[in-house]
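Participant:
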Amino acid sequence: MKNPNYPLKKRLASRFLKALEKIKYNMSPSPVSIEEKRRRHRAVRGAAYASMASSVGPRRAWSRALLRKMRERKRARRNPRNADTRFGLNQLCDVVPGGEAMDSRSLLNETAHYIECLVAQVQIMREILHSSSSSSSTTL
Amino acid sequence: MEPELEPPQLQFRSAEMGCAFDDFHGLISTPQVTGGSSFTALLELAPPQAVELLVTEDFPAKQPLPPPIFPTDIGLIHRASKFSVFASADNSMESNTILSVSNSIPVKQEDLDADSRRNSSSPAGSDQSLKSGKRKEREKKLKESNKKSKSKAANDDGEELPYVHVRARRGQATDSHSLAERARREKINARMKLLQELVPGCNKISGTAMVLDEIINHVQALQRQVEFLSMRLAAVSPGIDFDLDSLFTVNGSSNDNSYSGMLAPPICTEGQLDGARQLQLQQLWHCDELHQSVWARETDTSNFIAPANSLLSYDSTSANSGKPVAPRCTTS
Chain V
7 MKNPNYPLKK RLASRFLKAL EKIKYNMSPS PVSIEEKRRR HRAVRGAAYA SMASSVGPRR
67 AWSRALLRKM RERKRARRNP RNADTRFGLN QLCDVVPGGE AMDSRSLLNE TAHYIECLVA
127 QVQIMREILH SSSSSSSTTL
Chain L
9 MEPELEPPQL QFRSAEMGCA FDDFHGLIST PQVTGGSSFT ALLELAPPQA VELLVTEDFP
69 AKQPLPPPIF PTDIGLIHRA SKFSVFASAD NSMESNTILS VSNSIPVKQE DLDADSRRNS
129 SSPAGSDQSL KSGKRKEREK KLKESNKKSK SKAANDDGEE LPYVHVRARR GQATDSHSLA
189 ERARREKINA RMKLLQELVP GCNKISGTAM VLDEIINHVQ ALQRQVEFLS MRLAAVSPGI
249 DFDLDSLFTV NGSSNDNSYS GMLAPPICTE GQLDGARQLQ LQQLWHCDEL HQSVWARETD
309 TSNFIAPANS LLSYDSTSAN SGKPVAPRCT TS
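Chains V and L are the protein sequences, given in the same order. Taking our numbering, the leading residue of the first sequence gets 7, the next gets one more, and so forth. Taking our numbering, the leading residue of the second sequence gets 9, the next gets one more, and so forth.
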């Protein structure tokens, strides 16, 4: 429905790789404790969402919400919702970042774009794993 | 006539974005506040001439009126004039002049007639419906959504009037509230259709609630995938050269929608997975298996389970063992 995701993926990939490199530099090569591993896991996951949000920028409400969350700013005031029911979108607004402050239609818009970005991000992460495991000497 | 009308329409469209609804409401609700003199001055016509224009209900653009001074309000004035003529018994001078100002725009005859019919059917509630209709039209143009509307072609055609009617279908209530409700619901249904296309396997499901469930499951599944992949990435040794990855991602971006079929093979990492991590992995997989309906539609169900077993079989001590366990899954 949108134009090809190629530029989005490029942006995502470059940002995410940069973030990964930063994490790798800061962390010890072979963490022993569980806590360290958890920290690294959280850092990588945060880097994934951060790269998603920053490559999309302030264009989308969900990316704005993510950026806000990351900078630990005060969340935006709630916009007045439509008077009608939310058609069962209450669960959706919990899943999509920044969903409570949107009305039904923009929430669906945001969800669509969020899904696209998530798919691209997952693809990139898989490809990174692909290439990293293929480049290591011990595989088939 | 048309070339000179292009700029006001374009201006109308662009200025529409900045126009607040308050202005519109203020215009409609208190026309006398603005004073009739301002509109007649707009027209540069004497009031009786304006009334004369009004009397003929036929609105082809016969007379070349001077270009309106406030082009942003043309559409507002036009629509306001339409229902003000029919709804209000006392046609004030302002509304008359408003109507005549709108003559400069080529009016779609059938729209007006149909509007008059619709308005005459429910004069009392027409104000509200047209107000909300106006809002809907603006929102529609802003959002560029395609609706089931009669004059949708008019939207695409740049020379026609850029507004859209929400027609009351046969047998449905023409109440103002239900009209607004129906329009809103239609918009939301259109959005839901777009989402259905995004989520795989959602096209066959009927019913809004189930589709919503599917969408939520999909988003949660994607988030879980991000979580899991980030864990695996974190476990990868930092010695990997990431410049190669950029090349790979450029090549791999051609695989579109392949995420459902593709699965990253288990990492033969130098990192060590201890029991705690394996337990976490197991829990992740159990959560996923609960949502069988989602996973079954995607082809990677079996693929997901296989690497879990392979990961569990890793020795925590062997750094460079790199057992080539589970079969590599190719992109579908």
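Cβ atoms here follow ideal geometry from the backbone N, Cα and C, with glycine treated the same way. Model, not experiment: these values are computed from the prediction.
Listed in chain order, which residues of the stretch 105-133 of chain V have Cβ atoms closer than 8 Å to some Cβ of chain L?
Facilitator: The residues in question are Ser110, Arg111, Leu114, Asn115, Thr117, Ala118, Tyr120, Ile121, Glu122, Leu124, Val125, Gln127, Val128, Gln129, Ile130, Met131, Arg132, Glu133.
Participant: If you follow the alpha helix (DSSP H) that Asn32 of chain V is in, where does it begin and where does it stop?
Facilitator: Taken as a continuous stretch (DSSP letters only), the alpha helix (DSSP H) holding Asn32 of chain V covers 12-32.
Participant: Quick one: which residues of the stretch 186-202 of chain L get their C-beta closer than 7 Å to a C-beta of chain V? List them in chain order.
Facilitator: Taking 7 Å as the Cβ-Cβ cut-off against chain V, the residues of the stretch 186-202 of chain L that qualify are Glu189, Arg192, Lys195, Ile196, Arg199, Met200, Leu202.
Participant: To the nearest angstrom, how far is the alpha carbon of Ser112 of chain V from that of Tyr12 of chain V?
Facilitator: Rounded to the nearest angstrom, the two C-alpha atoms are 24 Å apart.
Participant: Please report the straight-line C-alpha distance between Ile196 of chain L and Leu237 of chain L, rounded to a whole angstrom.
Facilitator: So the alpha carbons of these two residues sit roughly 33 Å apart.
Participant: Any chance the stretch 118-136 of chain V sits against the stretch 218-230 of chain L, with 3 or more Cβ pairs inside 8 Å?
Facilitator: Counting Cβ pairs under 8 Å, three or more are found: they touch.
Participant: Can the beta-carbon of Arg17 of chain V be found less than 8 Å from the beta-carbon of Ser69 of chain V?
Facilitator: No; because the gap between Cβ atoms is not below 8 Å, this pair is not in contact.
Participant: In the DSSP assignment, the alpha helix (DSSP H) including Val244 of chain L goes from what residue to what residue?
Facilitator: It is not in any alpha helix (DSSP H) - Val244 of chain L carries neither H nor E in the DSSP assignment.
Participant: If we cut at 8 Å on Cβ distances, does Ala54 of chain V have a partner in chain L?
Facilitator: Closer than 8 Å to some Cβ of chain L, the Cβ of Ala54 of chain V qualifies, so yes.
Participant: Please report how far the alpha carbon of Glu118 of chain L lies from the alpha carbon of Leu187 of chain L, in whole angstroms.
Facilitator: Only weak support is given to the placement of Glu118 of chain L: the predicted model assigns it a pLDDT of 48, under 50, and the value that follows is read from those uncertain coordinates. C-alpha separation (whole angstroms): 20 Å.
Participant: Could you round the C-beta distance between Arg51 of chain V and Glu235 of chain L to whole angstroms and report it? I think they count as a contact, below 8 Å.
Facilitator: Confirmed, Cβ separation roughly 6 Å.
Participant: Taking the alpha-carbon of Lys15 of chain V as reference, which of V:Lys43, V:Arg45, V:His47, V:Ala126 has the nearest alpha-carbon?
Facilitator: Selected option, being the one with the closest Cα: V:Ala126.
Participant: Just to confirm my understanding: we take Asn211 of chain L, look at its own chain, exclude 5 residues before and 5 after, and list those with CB closer than 8 Å. What are they?
Facilitator: Correct list, in chain order: Gln204, Glu205.
Participant: Helix, strand or coil: how does DSSP classify Asn211 of chain L here?
Facilitator: It is coil, neither helix nor strand.
Participant: Could you check what DSSP says for Asn117 of chain V in three-state terms: helix, strand or coil?
Facilitator: The residue you asked about is not Asn; residue 117 of chain V is Thr in the sequence shown. In the structure shown, Thr117 of chain V sits in a helix (DSSP, three-state: H, G or I).
Participant: Return the Cβ separation of Ala242 of chain L and Lys43 of chain V in integer angstroms, given the expectation that the two are a contact with Cβ distance under 8 Å.
Facilitator: Right, their Cβ atoms sit about 7 Å apart.
Participant: What would DSSP say about Thr216 of chain L, mapped onto helix, strand or coil?
Facilitator: It is helical.
Participant: For Met76 of chain V, count neighbouring C-beta atoms within 10 Å of its own C-beta (all shown protein chains included) and say buried if the count is 16 or more, exposed if not.
Facilitator: The residue in question, Met76 of chain V, is exposed, as its Cβ has fewer than 16 Cβ neighbours within 10 Å.
Participant: Leaving out five residues on either side along the sequence, give the residues of the same chain with a beta carbon under 7 Å from the beta carbon of Ala19 of chain V.
Facilitator: If we look at Ala19 of chain V and ignore the five residues flanking it on each side, its Cβ neighbours are Ile130.
Participant: Would you say Ile213 of chain L lies against chain V (beta-carbon separation less than 8 Å)?
Facilitator: Chain V, which has no Cβ nearer than 8 Å to the Cβ of Ile213 of chain L, makes this no.
Participant: Rounded to whole angstroms, what is the Cα-Cα separation between Met58 of chain V and Thr182 of chain L?
Facilitator: Cα-Cα distance, rounded: 45 Å.
Participant: Between the C-alpha atoms of Ser138 of chain V and Ala54 of chain V, what's the straight-line distance to the nearest angstrom?
Facilitator: Their Cα atoms are separated by approximately 17 Å.
Participant: Enumerate in chain order the residues of its own chain whose CB-to-CB distance from Arg21 of chain V is below 7 Å, with the five nearest sequence positions on each side excluded.
Facilitator: Taken in chain order, the residues that qualify are Ser57, Ser60, Ser61.
Participant: Buried or exposed: which applies to Ser110 of chain V, given that a residue is buried once 16 or more other Cβ atoms fall within 10 Å of its Cβ?
Facilitator: Classification for Ser110 of chain V: buried.
Participant: Please go through the same chain and pick out, in chain order, the residues whose beta-carbon is closer than 7 Å to the beta-carbon of Arg66 of chain V, but skip the five residues on each side of it.
Facilitator: If we look at Arg66 of chain V and ignore the five residues flanking it on each side, its Cβ neighbours are Glu116, His119.
Participant: Among V:Ser140, V:Ala71, V:Ser39, V:Ala25, whose alpha-carbon lies nearest the alpha-carbon of Ala49 of chain V?
Facilitator: The residue with the shortest Cα to Cα distance from Ala49 of chain V is V:Ala25.
Participant: Which residues in chain L have a C-beta closer than 7 Å to the C-beta of Arg70 of chain V? List them in chain order.
Facilitator: Result: empty, since nearest Cβ-Cβ is about 18 Å, beyond 7 Å.
Participant: Can you give me the C-alpha to C-alpha distance between Thr216 of chain L and Pro103 of chain V, rounded to a whole angstrom?
Facilitator: Distance between the alpha carbons of Thr216 of chain L and Pro103 of chain V: 22 Å.
Participant: Could you tell me how far apart the beta carbons of Met5 of chain L and His47 of chain V are, in whole angstroms, since I believe they sit closer than 8 Å?
Facilitator: Any answer about residue 5 of chain L is impossible in this case: the structure gives chain L only from 9 up to 340.
Participant: Using a Cβ-Cβ distance cut-off of 8 Å, determine whether Val62 of chain V contacts chain L.
Facilitator: With 8 Å as the cut-off, Val62 of chain V does not count as an interface residue toward chain L.
Participant: Between Val101 of chain V and Ile224 of chain L, is the Cβ-Cβ spacing less than 8 Å?
Facilitator: Result yes, Cβ atoms of Val101 of chain V and Ile224 of chain L sit closer than 8 Å.
Participant: Going by other Cβ atoms of all chains shown within 10 Å of its Cβ, with 16 needed for buried, is His185 of chain L buried or exposed?
Facilitator: By the 10 Å Cβ count, His185 of chain L comes out exposed.
Participant: Mapping the DSSP letters down to three states, classify Asp183 of chain L as helix, strand or coil.
Facilitator: Coil at Asp183 of chain L, not helix or strand.
Participant: Can you list, in chain order, the residues of its chain whose CB lies under 7 Å from that of Glu133 of chain V, leaving out five sequence neighbours each side?
Facilitator: Taken in chain order, the list of residues that qualify is empty.
Participant: Tell me the DSSP secondary structure of Met108 of chain V in three-state form.
Facilitator: Met108 of chain V: coil per DSSP, three-state reduction.
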